[in-house]
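K.L.:
Under this note's numbering, the first residue of the sequence shown carries the number 2, and numbering increases by one thereafter.
Here a beta-carbon is modelled for each residue, glycine too, at the ideal position from N, C-alpha and C.
These numbers were taken from a predicted model, which means no experiment stands behind them.
Dumping the structure here so I can ask a few things about it.
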Amino acid sequence: MSDKGSEGATDIDTLKDIGPATKTSLKEAGFRSIKDLVIRGPMDIAEATGIAIEKCITLCNKARETLEDIGVFDKPFITANQIYEKRKSEYRIATGSKNLDDLLGGGIETRAITELYGEFGTGKTQICHTLCVTVQQNDAEGNLSRALYIDTENTFRPERIASIASARNIDPNTTLENVIVAKAYNSSHQEVIIQESPNVINLHNIKLMIVDSIVSHYRAEFLGRSFLSERQQRINRLLHILLRIAETCKIAVVLTNQIQSSPDALFGDPNKATGGNVMAHSSTYRLYLKKSGKNRIARMVDSPYHSEREILFALNDQGIGDPQK
Ligand SMILES: Nc1ncnc2c1ncn2[C@@H]1O[C@H](COP(=O)(O)OP(=O)(O)O)[C@@H](O)[C@H]1O
Ligand SMILES: [Mg+2]
């Protein structure tokens with residue numbers, strides 16, 4: 002695998018008007034890039050380094066301004082048309098199913114979080130495996146886009162990626178080389194992996210980060226009502242970091258989520274996504290997956306610009322695809 006190189010223009014050392022002692026404290030606490038500062042935010046930096054919160058706020062503001070200067074972020078007060086033009090050229094990842102791409106407005110969007118939730122066996126993990134293959138295209142700069150897969154349920158299977166690649170006439174070994182995998186053993190480990198991911202994302206030109214699944218460790222570890230608020234706070238913090246990673250590193254973040262059924266629901270579907278409001282507010286797009294015989298239904302449940310609509314897709318040799326007519 003060829004690496005993209007070092008952080009370059011976003012190295013901590015390039016921050017202006019910041020003393021060497023502060024830079025050393027930041028580096029010792031694991032902050033390598035200016036992007037890391039924006040991703041983690043002032044509270045996190047203060048906690049990790051012992052630097053006063055006021056100074057951390059200044060640091061984050063300087064970091065954000067630097068990213069605006071080099072074009073990673075938009076400067077404030079631009080026209081809607083400028084945003085519209087930029088969005089049209091934004092990188093999207095094909096899912097393998099035309100129906101699903103259409104539902105998503107052209108594929109999985111970068112700089113956003115897409116959440117897939119549904120009962121077990123509805124195809125969440127299959128979509129994730131397929132995306133690991135379909136993401137592997139050259140980006141605008143001619144670099145190969147790669148995938149980062151964070152596996153929390155021990156359901157990542159390289160064999161499946163290899164067979165999806167073969168079915169698509171792509172070399173399976175090369176495909177597997179371009180998927181970076183991190184297995185998270187518990188919620189704290191999952192947080193460390195996600196916190197450290199920006200460096201890996203930069204180094205390997207990652208364009209897609211998958212967390213399959215996002216809340217399973219938290220559900221297993223934080224049992225009972227008394228831990229509910231701590232659990233939600235931890236999930237909330239993690240989701241904010243993920244959203245900032247998506248925006249600063251210009252990647253697509255795909256999360257899978259389980260469902261819980263509310264037996265008191267008198268009307269409609271009693272199933273809802275776990276993670277409560279924290280989860281609902283963080284995902285840019287939410288897709289609810291259901292079984293429909295051999296096929297699967299994907300319903301766009303929440304999106305800033307799509308209507309609530311559903312489509313059919315199929316699980317097949319190529320990972321996912323469209324149902325046969
Ligand atoms: N090679 C394959 N071809 C077709 N379907 C498959 C293949 N491998 C797994 N499946 C189907 O995928 C489903 C499991 O989907 P999965 O994505 O693991 O569910 P979950 O939503 O729980 O993550 C099962 O119905 C299984 O039959
Ligand atoms: Mg799964």
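Measure the C-alpha to C-alpha separation of Asp213 and Ala281 and round it to an integer number of angstroms.
P.N.:
17 Å
K.L.:
Ser164 to Lys99, Cα distance in whole Å?
P.N.:
20 Å
K.L.:
Leaving out the 5 sequence neighbours to the left and right, which residues in its chain are closer than 6 Å to Ala183 when beta-carbon positions are compared?
P.N.:
Ile151 and Ile194
K.L.:
Does the Cβ-Cβ distance between Leu290 and Tyr92 come in under 8 Å?
P.N.:
In this structure, Tyr92 does not lie closer than 8 Å to Leu290 by Cβ.
K.L.:
For the beta strand (DSSP E) that Gln261 lies in, which residues bound it at each end?
P.N.:
Ile260 to Ser262
K.L.:
Can you have a look at Ile94 and say buried or exposed, based on whether 16 or more other CB atoms are within 10 angstroms of its CB?
P.N.:
Buried is the label assigned to Ile94, since at least 16 other Cβ atoms lie within 10 Å of its Cβ.
K.L.:
Give the secondary structure of Lys326 by DSSP, where H, G and I count as helix, E and B as strand, and everything else as coil.
P.N.:
coil
K.L.:
For the alpha helix (DSSP H) holding Val134, just list the boundary residues, first then last.
P.N.:
Lys125 to Thr135
K.L.:
With a threshold of 16 other CB atoms inside 10 Å of the CB of Thr80, please say whether the residue is buried or exposed.
P.N.:
exposed
K.L.:
Rounding to the nearest angstrom, what Cα-Cα distance links Ala314 and Lys251 in this structure?
P.N.:
For clarity, residue 314 is Phe in the given sequence; the question names Ala instead. The straight-line gap from Cα to Cα measures roughly 27 Å.
K.L.:
Specify, as a first and last residue, the run of the alpha helix (DSSP H) that Glu197 falls within.
P.N.:
Ser188 to Leu204
K.L.:
Quick check: what's the CA-CA separation for Phe268 versus Ile298?
P.N.:
20 Å
K.L.:
From the DSSP output, read off the bridge partner residues of Tyr306.
P.N.:
Beta-bridge pairing links Tyr306 to no other residue.
K.L.:
DSSP on Gly6, reduced to helix/strand/coil?
P.N.:
Interpretation of Gly6 is limited by its pLDDT of 41, a score under 50 that renders its predicted location unreliable; the figure taken from the coordinates is listed afterwards. Gly6 falls in the coil class under three-state DSSP.
K.L.:
For ligand 1, is there a heavy atom less than 7 Å away from the beta-carbon of Gln191?
P.N.:
no
K.L.:
Taking 7 Å as the line, does the beta carbon of Asp318 fall inside it for any heavy atom of ligand 1?
P.N.:
yes
K.L.:
Taking a cut-off of 7 Å, which residues have a beta-carbon closer than that to any heavy atom of ligand 2, in chain order?
P.N.:
Phe121, Lys125, Thr126, Glu154, Thr156, Asp213, Ser214 and Thr257
K.L.:
For Ile207 versus Ile181, is the C-beta spacing smaller than 8 Å?
P.N.:
yes
K.L.:
Give me, in chain order, the residues of the same chain whose beta-carbon lies closer than 6 Å to that of Glu116; leave out the 5 immediate sequence neighbours on both sides.
P.N.:
Leu256, Asn258, Ser284 and Arg287
K.L.:
Can you tell me whether Glu8 is buried or exposed, with buried defined as 16 or more other CB within 10 angstroms of its CB?
P.N.:
Model confidence at Glu8 stands at a pLDDT of 42, short of 50, so the residue's coordinates are unreliable; what they give is reported in the following sentence. Residue burial is scored here from C-beta neighbours: Glu8 has at least 16 other C-beta atoms within 10 angstroms and is therefore classed as buried.
K.L.:
Are the beta-carbon atoms belonging to Thr111 and Asp102 less than 8 Å from one another?
P.N.:
no
K.L.:
Does the beta-carbon of Thr123, which I'm using as the reference point, lie nearer than 7 Å to any heavy atom of ligand 1?
P.N.:
yes
K.L.:
Starting from the C-beta of Thr123, find all residues in its chain whose C-beta is less than 8 Å away, skip the five residues before and the five after it, and write them out in chain order.
P.N.:
Leu290, Lys291, Lys292 and Arg297
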